[in-house]
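Remarks on the structure that follows.
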Amino acid sequence: MKLLEKFPVHITNSLGGKKVLFTPIVPGYIGMYVCGPTVYNDVHLGNVRTFMSFDVIARYFRYLGFKVRYVRNITDVGHLENDADEGEDKIAKKARLEQLEPMEVVKHYTEGFHEVMRQFNILPPSIEPSATGHIIEQVEITKNLINKGLAYETNGSVYFDVTQYNKEHHYGALSGRVIEELMDSGRKLDSQDEKRNKVDFALWKKASSYHIMRWPSPWGDGFPGWHIECTVMSTKYLGETFDIHGGGMDLKFPHHECEIAQAVGANGKSPVNYWIHSNMLTVNGQKMSKSLGNSFLPRELFAGNHPLLEKGFGPMTVRFFMLQSHYSSTLDFSNEALSAAEKGFRKLSNALGILKKINHQGEGSVNTAIDAELLQLIDDCYVNMSDDFNTAKTLAVLFEMASRINDFKSGNITLKNVSSKTFEAFKAAYIGFMEEVLGLREEEEHNHELVKGIIHVLIELRKKARQDRNYPLSDKIRDDLKGLGVQLMDGKDGEMSYTIE
RNA sequence: GGUCUCGUGGCCGAGUGGCUAGGCAGAGCUCUGCAAAAGCUUGUACAGCGGUUCGAAUCCGCUCGAGACCUCCA
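In terms of my numbering, the first sequence opens at residue 6 and continues consecutively.
Structure follows, in structure tokens:
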């Protein structure tokens with residue numbers, strides 16, 4: 006745990022709202038739970054941002070040497086359209102609309118979700134449990150809460166008694182809500198006859214005769230409420246109290262507040278030590294969301310097939326773009342910002358390619374000032390990441406490192422003046438922070454081998470033309486290729502490289 | 001209506017009491033047959049008003065503006 010001692014991690018804990026030193030329950034191990042997607046629709050880029058934020062957090066902890074158990078669920082039942090009695094499960098609704106079995110809907114969108122995660126280089130969690138796989142546990146905890154007097158059954162449905170809970174505990178600690186205000190504010194819901202108080206929320210819902218997703222329970226056929234699945238799955242795999250719980254800011258209330266109430270009610274202890282909430286992706290200042298209809302889908306982004314986009318952007322460009330802001334800030338999505346990100350990312354990516362080809366050739370007289378600067382840059386990466394996962398500042402350091410890499414290449418810095426130990430550490434750090442921590446790799450070449458072969462033929466022809474000083478021809482080759490999105494770059498000694506848009 | 005967050009230069013976006021964020025775009029220069037890439041130099045900023053302080057983008061108050069949550073949402 007040397008790295009952790011040198012660069013102790015500080016996290017802004019949503020519970021309390023302060024930046025605090027992170028201390029795991031068991032030294033060297035971290036249990037982390039993040040609310041996953043409800044698989045009733047395509048994931049959009051706002052969803053992607055959240056999973057990317059926690060991907061980087063898990064990656065960094067692992068880079069520091071922690072063993073991380075990362076649990077991210079799949080919500081495949083129990084997500085109500087609203088909290089009223091007529092609330093319909095999202096999966097069931099989608100299935101009805103599309104004339105599909107609910108599990109067909111779940112399968113389809115789960116696979117789509119995984120594909121998107123793969124495209125953005127978001128690593129899979131250690132465990133990916135689904136709500137339908139934990140019906141028994143959800144029934145058990147509901148029974149437990151009834152026995153403790155914290156839940157009640159009405160007409161085949163079971164509700165959590167928030168007012169009762171609040172007598173001994175504090176409902177609203179995470180979100181800063183005051184129960185009295187919740188009682189008499191907010192919009193009115195249609196039918197709440199079944200609930201004792203409007204703040205109560207469903208643990209189990211009775212399935213109406215036409216409802217297609219249903220399981221037997223002590224209260225008749227029904228299906229679980231939304232909040233209970235996360236309580237069950239997080240504590241089952243991570244323990245009654247675990248280190249980190251993450252999710253989007255919009256889940257803070259009521260979802261995460263309810264999770265706390267359920268866990269405290271059932272187990273008598275606070276479930277989570279550190280709550281982390283990632284902020285929203287906005288479009289023209291407004292939250293990107295399915296209900297607002299301003300979502301960007303990944304495939305629209307890649308193809309540039311969206312009214313607000315002038316062209317397509319690769320997933321790594323988007324990843325870089327998102328990591329340029331802090332996870333806790335809103336980030337505005339626009340064509341212009343993405344174009345800037347594309348060029349910025351190319352710079353880092355080029356440097357990565359260059360660095361991988363450079364090897365230290367034995368030292369001469371070491372310049373201690375340069376050596377010290379390079380070592381400082383490595384430390385800066387750790388310091389910034391340990392400071393509440395500040396990817397924006399870390400990227401600024403990586404840009405500085407990229408400049409040094411170009412210095413190595415151009416000879417502005419002679420490698421002989423750098424100790425081999427420092428160089429190897431620098432190389433490992435740049436590659437490590439780029440690829441392992443931030444998950445930035447070179448944009449996937451979707452080009453055919455044939456295309457690459459043809460480009461190389463043209464490069465050879467152009468080389469010949471240049472040797473013959475036939476510049477009109479060599480320029481035509483270069484310009485025509487540029488028109489197709491292939492940028493040739495002449496290096497020293499006839500060396501040639503190219504980038505493809 | 002209640003609770004909360006935010007307002008940084010042409011654009012995006014870090015930063016929380018004094019010390020260059022960074023990227024993109026712009027200007028000049030170097031290198032190059034010309035480009036591109038790379039390097040060097042460079043300008044523009046902290047919504048407004050008032051207060052605390054030796055000193056505030058950073059703390060406090062007010063005003064204006066934007067957004068989020070209070071209903072499903074990452």
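Virtual Cβ for every residue (Gly too), placed ideally from N, Cα, C.
Pairwise C-alpha distance: residue j and residue i
i, j, result
"phenylalanine 68", "proline 477", "Looking at the sequence shown, residue 68 is not phenylalanine but tyrosine. If I take the Cα positions, the gap works out to 51 Å."
"methionine 321", "glutamate 447", "7 Å"
"methionine 3", "glutamate 305", "Outside the modelled stretch of the chain, which goes from 6 to 506, sits residue 3, for which no answer is possible."
"glycine 22", "alanine 178", "11 Å"
"glycine 496", "serine 344", "26 Å"
"isoleucine 151", "phenylalanine 118", "36 Å"
"leucine 8", "serine 391", "10 Å"
"histidine 232", "threonine 427", "50 Å"
"alanine 100", "glutamate 106", "6 Å"
"lysine 257", "histidine 331", "18 Å"
"aspartate 226", "tyrosine 215", "12 Å"
"leucine 50", "isoleucine 505", "24 Å"
"glycine 154", "valine 237", "19 Å"
"glycine 230", "phenylalanine 125", "31 Å"
"valine 76", "histidine 250", "10 Å"
"asparagine 149", "glycine 270", "9 Å"
"phenylalanine 56", "lysine 468", "46 Å"
"valine 491", "tyrosine 503", "7 Å"
"glutamine 104", "isoleucine 217", "11 Å"
"lysine 316", "serine 294", "22 Å"
"valine 323", "isoleucine 127", "12 Å"
"aspartate 484", "asparagine 278", "58 Å"
Cβ neighbours of residue i in the same chain (closer than 7 Å, five flanking residues each side left out)
i, result
"lysine 457", "none"
"leucine 26", "Pro13, His15"
"aspartate 81", "Val44, Ile96, Val111, Ser135, Ala136, Thr137"
"asparagine 52", "Pro42"
"asparagine 171", "Ile184"
"glycine 161", "Lys211, Trp224, Gly225, Gly227"
"lysine 274", "Glu245, Thr246"
"serine 58", "Ser283, Tyr332"
"glutamate 440", "Arg446"
Same chain, Cβ closer than 6 Å to residue i, five either side skipped, listed in chain order
i, result
"glycine 36", "Arg74, Leu243, Phe247, Asp248"
"glycine 191", "Note on glycine 191: pLDDT 45, under 50, position unreliable in the model; no value is reported."
"arginine 471", "Ser479"
"lysine 292", "Met285"
"glycine 319", "Glu448"
"serine 354", "Glu447"
"asparagine 389", "Asn395, Lys398, Thr399"
"threonine 17", "Lys24, Asp393"
Which of helix, strand or coil DSSP assigns to residue i
i, result
"asparagine 289", "coil"
"histidine 216", "coil"
"glycine 358", "helix"
"tryptophan 224", "coil"
"lysine 352", "helix"
"aspartate 384", "helix"
"proline 259", "helix"
"glycine 22", "coil"
"serine 391", "helix"
"threonine 147", "helix"
"valine 82", "coil"
"glycine 309", "coil"
"glycine 177", "coil"
"aspartate 195", "Unreliable placement is indicated for aspartate 195, whose pLDDT of 44 sits below 50; no coordinate value is reported for it."
"asparagine 46", "coil"
"lysine 72", "strand"
"isoleucine 62", "helix"
"arginine 123", "helix"
Beta-carbon spacing of residue i, residue j below 8 Å
i, j, result
"leucine 443", "threonine 396", "yes"
"alanine 356", "asparagine 411", "yes"
"isoleucine 363", "phenylalanine 413", "yes"
"arginine 201", "tyrosine 157", "yes"
"histidine 282", "glycine 309", "no"
"alanine 407", "lysine 348", "no"
"aspartate 393", "lysine 24", "yes"
"threonine 287", "aspartate 255", "no"
Chain-order list of residues whose beta-carbon lies under 8 Å from that of residue i (same chain, five-residue window excluded)
i, result
"lysine 421", "Gln366, Gly367, Glu368, Gly369, Ser370"
"glycine 437", "Tyr68"
"leucine 380", "Thr427, Ala430, Phe431"
Any non-hydrogen atom of the ligand MG closer than 7 Å to residue i Cβ
i, result
"serine 135", "With respect to the ligand MG, the structure offers nothing, as it holds no ligand at all."
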